[in-house]
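Take a look at the structure below.
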Amino acid sequence: MKTRDQIYHREGEKLLRFLTTYHALKYEQVMKMFGNQDSIKSLITSLVKQGRIYHDKEAGLLCDSPEAAKNPDRGTIAAFWVLLDFEKPIVFHTSGDFPVKLHFFSENEEYEILYVPLEQEILVDHVMKSIPRHDVLRLVVLENIQQAAKLSIEGVLAFCVVDDSGSVSYYGRR
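Under my numbering, think of the first position of the sequence shown as 117, with each following residue one higher.
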């Protein structure tokens with residue numbers, strides 16, 4: 117008989133870390149991150165029954181608490197779709213502080229994924245100018261591509277727009 121650890125290959129630990137780091141992710145994001153395995157579905161069911169995570173089936177969210185499901189961070193969810201769409205192997209990722217939603221490392225490069233809500237372009241620009249610049253590549257998630265013209269953030273690799281299904285569209289630096 118296999119032990120729980122042998123079945124899930126430490127995936128429970130990873131899943132709990134992701135949810136406590138990001139608080140709310142789409143169910144589809146978690147499945148994509150773990151390769152859409154039946155064992156992950158079983159693990160999720162088990163963790164929900166234990167009360168360790170919360171599954172809002174109506175909204176399609178997996179959360180670290182029921183409170184996180186009430187007000188999920190749209191920017192974090194969008195940034196996580198960009199992370200999942202990244203082509204190079206990801207070494208490590210974690211959450212960031214406004215306006216950076218996510219930091220990650222791939223090979224020898226550091227990346228940040230920023231989220232710019234509508235009508236917040238001036239605020240985000242101001243915040244980013246106050247942060248000392250270092251060698252980090254930035255992916256900037258926008259609500260619509262017209263926002264890019266209002267931004268002057270340094271180090272932008274690309275602007276992104278994420279639709280409701282999680283599809284990411286990329287636009288070059290303007």
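Where is the CB? At the ideal position from N, CA and C, for every residue including glycine.
All figures in this text were calculated on a predicted structure; none of them were measured in a lab.
Remark: C-beta atoms of F208 and F221 approach each other more closely than 8 Å.
Within the segment 130 to 216, the complete beta strand (DSSP E) segments of 3 residues or longer fall at 140 to 142, 170 to 172, 177 to 179, 208 to 211, listed in chain order. For D241, the CB contacts under 7 Å within the same chain, skipping 5 residues up- and downstream, are L267, S268, I269 in chain order. By the Cβ-count criterion, A184 is buried, with 16 or more other Cβ atoms from all chains shown falling within 10 Å of its own Cβ. When S285, G191, P205 are compared, the shortest CA-CA separation from E223 is found for P205. V257 is a Cβ neighbour of G191, given a cutoff of 8 Å.
G212 and Q145 have their C-alpha atoms some 18 Å from each other. Setting aside the 5 residues that flank it on each side, Y138 is surrounded in the same chain by T192, F196, S211, each with a C-beta closer than 7 Å to its C-beta; the list follows chain order. Taking C-alpha positions only, Y286 is separated from E237 by approximately 18 Å. 8 Å or more divides the Cβ of L135 from the Cβ of D189.
Per the DSSP secondary-structure output, L258 pairs in a beta bridge with V232, V277.
Non-local C-beta neighbours of A140 in its own chain, meaning closer than 8 Å and more than five positions away in sequence, comprise L177, L178, C179, D180, A184, A185, P188, D189, T192, I193, ordered along the chain. Cβ neighbours of I169 within its own chain (closer than 8 Å, five residues either side excluded): L131, L132, L135, I160, L163, L178, C179, D180. Here the alpha carbons of P233 and E259 stand approximately 6 Å from one another. Residue pairing by DSSP puts L218 in a beta bridge opposite S211, I229.
V243 and P215 have their alpha carbons spaced roughly 8 Å apart. Burial check for I261: the Cβ neighbour count within 10 Å stays below 16, so the residue is exposed. Bounds of the beta strand (DSSP E) holding S285 are 284 to 287.
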